[in-house]
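The block underneath contains the structure these notes are about, expressed in structure tokens.
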Amino acid sequence: MLDEQTIAAIADELVEAGRTRTPVPLLHDRYEGMDIEDSYAVQKLWASRLEAQGRRVVGRKIGLTSKAMQAATGITEPDYGVIFDDMVLENGATVEWKRYTHPRIEVELAFRLNRDLKGQALPGRGVTLFDVLDATEYVVPALEILDSRIEMEGRTIVDTISDNAAMGAMVVGGRPVRPHDVDLRWVSSLLYRNQEIIETGVAAGVLNHPASGVAWLADKLAQHGQELRAGDLVLAGSFTRPMWVYEGDTVYADYGHLGTVTCRFV
1 MLDEQTIAAI ADELVEAGRT RTPVPLLHDR YEGMDIEDSY AVQKLWASRL
51 EAQGRRVVGR KIGLTSKAMQ AATGITEPDY GVIFDDMVLE NGATVEWKRY
101 THPRIEVELA FRLNRDLKGQ ALPGRGVTLF DVLDATEYVV PALEILDSRI
151 EMEGRTIVDT ISDNAAMGAM VVGGRPVRPH DVDLRWVSSL LYRNQEIIET
201 GVAAGVLNHP ASGVAWLADK LAQHGQELRA GDLVLAGSFT RPMWVYEGDT
251 VYADYGHLGT VTCRFV
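Counting from 1, one number per residue, gives the positions in the sequence shown under the UniProt record's numbering.
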């Protein structure tokens, strides 16, 4: 594992990369032996640096939960990142394209929790899908805007986790529903860019049920001495491949009876 001084240096480098919009070179190329636990240590310290600047954690994102996303990245296990208050945008938002590096869009469902979810750090019975449903106030459509503070080409799981699982922002919209009122596995979405359909997907693509990702997250956080709290907003993972967006693009996602989410990049 990396020493504390090296982890602090990487975290500070990523804070600066976010400020200047200049991605840093791949971490796994520069730090031989860097592992997943090192990456989460970097992410945790990076997040604490931003909290010290006045930003507030309001939830978590889960990444790489679907076969579509794993195939797109070459990474075969989920990861997670932090959602700050200024990352949550309203439906129809106008988004400054240059604020992000290599922005892409993913289609997801977001879970709003109404009670704490404490995971199991040790092997054994952890949080189940049904625990997640019982702890969820509502589920709502969302778009995730992916960002990069580390170079894109050749990334590994070490780079992705350190980079806050590529979280940039999220746009929340559509119709909130109680988790038992719909079959969440069959929630589907059509993703458009400038009136052209680019991607389609079904939420069952996320670990067979989007709540399964939240259950995985609760147990993974427990391994790092953390937990999901009442009021947290959790992005459960994409069920489409990431879609590139450019200046002037309008993004529109149709979730059928759950409504629509849209934003425009300027």
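All C-beta atoms in this analysis are idealised placements derived from N, C-alpha and C, irrespective of residue type, glycine included.
Quantities reported herein were computed from a predicted structural model and do not represent experimental measurements.
**OP:** State the CB to CB distance for the pair Leu143 and Ile105, rounded to an integer number of angstroms; the pair is presumed to be in contact (CB under 8 Å).
**Re:** 6 Å
**OP:** Locate the beta strand (DSSP E) running through Ala93, then write down its first and last residues.
**Re:** 93-95
**OP:** Could you say if the region 239-247 and the region 211-229 meet the contact criterion of at least three C-beta pairs nearer than 8 Å?
**Re:** Counting Cβ pairs under 8 Å, fewer than three are found: no touch.
Original post:
Are the region 165-180 and the region 77-96 touching by the rule of at least three beta carbon pairs closer than 8 Å?
Top reply: yes
Original post:
Using a Cβ-Cβ cut-off of 7 Å (strictly less than) and excluding sequence neighbours within five positions of Asp131, which residues of its own chain qualify?
Top reply: Leu117, Ala215
**OP:** Compute the Euclidean distance between the alpha carbons of Glu247 and Cys263, then round it to the nearest angstrom.
**Re:** 12 Å
Original post:
So which of Met1, Ala166, Leu221, Asp249 has the shortest CA-CA distance to Leu146?
Top reply: Checked all of Met1, Ala166, Leu221, Asp249; the closest Cα to Leu146 is Ala166.
**OP:** Report all residues from its chain with a CB closer than 7 Å to the CB of Asp159; omit the five preceding and five following residues, and keep chain order.
**Re:** Leu26, Leu27, His28, Ile150
**OP:** Could you check which residue in His257, Asn164, Arg193 has the C-alpha nearest to that of Gln250?
**Re:** What sits at residue 250 in the sequence shown is Thr, not Gln. Out of His257, Asn164, Arg193, the CA that lies nearest to the CA of Thr250 is found in Arg193.
Original post:
So Asp85 packs on Val58, CB below 8 Å; how close in whole Å?
Top reply: 5 Å
**OP:** Grab me the residues of Ala17's own chain with a C-beta within less than 8 Å of its C-beta, minus the 5 sequence neighbours each way, in chain order.
**Re:** Pro23, Val24, Arg149, Ile150
**OP:** Out of Tyr31, Arg30, Val15, point me to the one whose CA is closest to Lys44's CA.
**Re:** If we check each option's Cα against that of Lys44, Val15 comes out closest.
Original post:
In three-state terms, what does DSSP make of Tyr40?
Top reply: The answer is helix: DSSP assigns Tyr40 an H, G or I state.
**OP:** Check Ser238 in the structure and name its three-state DSSP category.
**Re:** coil
Original post:
The beta strand (DSSP E) with Glu90 in it runs from where to where?
Top reply: 88-90
Original post:
By Cβ distance, which residues of its chain are closer than 8 Å to Asp35, with the 5 residues on each side in sequence left out?
Top reply: Met1, Val158
**OP:** Determine the burial state of Glu108: buried for a count of at least 16 other Cβ atoms within 10 Å of its Cβ, exposed for fewer.
**Re:** Glu108 is buried by the Cβ-count criterion.
**OP:** Report buried or exposed for Asn114, applying the criterion of at least 16 other Cβ atoms within 10 angstroms of its Cβ.
**Re:** exposed
**OP:** Ignore the nearest five residues each way along the sequence and tell me which others in Asn208's own chain have a CB closer than 8 Å to its CB.
**Re:** Arg185
Original post:
Is Ser162 closer than 7 Å to Ser39 when the C-beta atoms are compared?
Top reply: yes
Original post:
Among Glu4, Val88, Val182, Gln5, which one has its Cα closest to the Cα of Val139?
Top reply: Val182
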